[in-house]
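Following: one structure in structure tokens, then a few remarks.
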Amino acid sequence: MLMVGRSREHACSVLARVMGALRGWRWVSGAWRPGSRPRDAHSFGSEARRRPQPQGSSKRKDPVEDQPFPGLLRTENLGLEELAEVLRAAVVDQKGPLVTLNKPQGLPVTGKPGELTLLSVLPQLSQALGLRHRELQVVRAPGKEASGLVLLSSCPQTASRLQKFFAHSRRTQRPTATYCAITDGIPEPSEGTIHVALRLERTDGIDLAVPVTSPSRKDILEGVKRTLSHFHVMATGCGCALVQLQPLTVLPSQLQVHMTLQLCPVLGDHTYAARVGTVLGQRFLWPSKTTKPQTQVLDEALLRRLHLSPSQVAQMPLHLHLHRLLLPGTRSGDPPSELLAPLPSYFSRTLQCLRLSKR
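Numbering-wise, this note's numbering puts 64 at position 60 of the sequence shown, and it's gapless, one number per residue.
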């Protein structure tokens, strides 16, 4: 069953207002509200350190003219030590036993023995961060194709406390993770809740999330999971949207499937976007069991706007970024603290091409 919440009058319907909202959205009284403190739209609320620009020529290169997907992680020639240095440079916060880094897109959390993964590099990363013999463990991390915040801990008790906080937040339906995504298509209504039962099915060696209509109790016992996400359209342009997503359940590819069910797949989704078809300009869903993953198809107008050739689309990364995490306060009753991560370079470039952010 798919349930979409009622649309409210959207204060960000004018793009100028939307861009102002991007600088300061805050969780206030159980809802997302624009804050009063201005922020840089390019950073999407990030407090991360900025690297100084090289001095010299004042002439700046137009980022649209650069490579189409700048900043992607290339692991082909990386070893564990080199990857540890990449992740050390991606650390956005380190306090006590907690280490937070901004995971590059394409790095899996787990994998087969011998594969380069986040788990495989933790011993080297611990040494690079000066933690000596304290072992790091993953508390929270987005999947391989997504980018964004990874929460690590060198203290088992701290990790356990955080896991209990996240589990309690899910039970009480209080979102702790906020993703931003760019979608091909504009969700209607502009905000709401997606509630759908999903099952993971193995197809050609890949676990794919498949919707299940009216799941029975037996289905639930056999692995069908009721999933829930909130979405909110932050900005629109060129037939695309910048969408804020907050999952309230945990299932691989949940957000990608939820956006596909809205007929607005995430840009760079080469797994589920093929389920959305078009006839006479109208979108519809192909049956998931008969639709195999393939390179996302974008129309010519969008390709021109993104300065991409059809062959380059196959290399387009998933535009799904975990940019905000809430953590429990230090003492009982304290308000949650927040962690923020800047957008990847390719994500910012796409926002500029689609005129979804200020330069």
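Cβ coordinates follow ideal geometry from the N, Cα and C atoms, glycine included.
Taking one beta carbon from each stretch, the stretch 331 to 339 and the stretch 297 to 316 have fewer than 3 pairs nearer than 8 Å; the two do not touch.
For Ala181, there is no enclosing alpha helix (DSSP H); the residue is found in the beta strand (DSSP E) stretching over Ala181 to Asp188. Around the CB of Glu149, 16 or more other CB atoms lie within 10 Å, so the residue is classed as buried. At a cut-off of 4 residues, the continuous stretches assigned as alpha helix (DSSP H) that sit fully inside the stretch 73 to 120 are 84 to 93.
In this structure, DSSP gives Ala213 an extended state, which the three-state scheme calls strand. Counted as a single uninterrupted DSSP element, the beta strand (DSSP E) harbouring Glu195 occupies residues Glu195 to Thr207. Our two residues, Leu324 and Glu86, have alpha carbons roughly 25 Å apart in a direct line. Here Ala305 carries a helix assignment [DSSP, helix/strand/coil]. Non-local beta-carbon contacts of Arg92 in its own chain, meaning distances under 7 Å to residues more than five positions away in sequence, involve Leu129, Ala132 and Leu133 in chain order. Beta-bridge annotation (DSSP): Lys229 is paired with Leu202. For the pair Gly110 and Leu76, the CB atoms are nearer than the 8 Å cut-off. In the three-state scheme derived from DSSP, where H, G and I count as helix and E and B as strand, Ala345 is classed as coil. The three-state reading of DSSP puts His262 in helix, counting H, G and I together. By the C-beta density criterion, Asp211 is exposed, having fewer than 16 other C-beta atoms within 10 angstroms. CA-to-CA, the gap between Ser349 and Ser164 works out to about 33 Å. Rounded to whole angstroms, Asp188 and Gln161 show a C-alpha spacing of 42 Å. With distances taken between CA atoms, Pro108 lies nearest to Leu122 out of His199, Leu246, Thr182 and Leu122. Between Ala181 and Leu252, the alpha-carbon positions lie close to 8 Å from each other. For Arg165, there is no enclosing beta strand (DSSP E); the enclosing alpha helix (DSSP H) covers residues Pro160 to Arg175. Between Pro191 and Cys242, the beta carbon gap of about 15 Å keeps them out of contact (Cβ cut-off 8 Å). A direct Cα-to-Cα measurement between Ala239 and Ile198 gives close to 19 Å. Taking the Cα positions, Phe351 is about 21 Å away from Ala278. The three-state secondary structure of Leu129, taken from DSSP, is helix.
With respect to the C-alpha of Arg144, the residue from Leu326, Pro72 and Pro127 having the closest C-alpha is Leu326. Under the DSSP assignment, Leu330 falls in the beta strand (DSSP E) whose first and last residues are Leu324 to Leu331.
Membership of Arg144 in the beta strand (DSSP E) is indicated by the continuous run Gln141 to Arg144.
By the Cβ-count criterion, Ala88 is buried, with 16 or more other Cβ atoms from all chains shown falling within 10 Å of its own Cβ.
Beta-bridge partners assigned by DSSP to Ser151: His325. Assignment of Pro251 by DSSP, reduced to helix, strand and coil, places it in the strand class. Within its own chain, the residues whose Cβ lies closer than 8 Å to the Cβ of Thr114, once the five positions on either side in sequence are excluded, are Thr121, Leu122 and Leu123, listed in chain order. C-alpha of Gln260 to C-alpha of Thr275: approximately 9 Å in a straight line. Per DSSP, reduced to three states, the secondary structure at Leu355 is helical. Residue Leu140 holds the alpha-carbon nearest to the alpha-carbon of Gly100 among Val90, Asn81 and Leu140. One alpha carbon belongs to Phe73, the other to Pro346, and they sit about 16 Å apart. Under the criterion of beta carbons closer than 8 Å, Leu355 and Leu265 do not qualify as touching, at roughly 24 Å.
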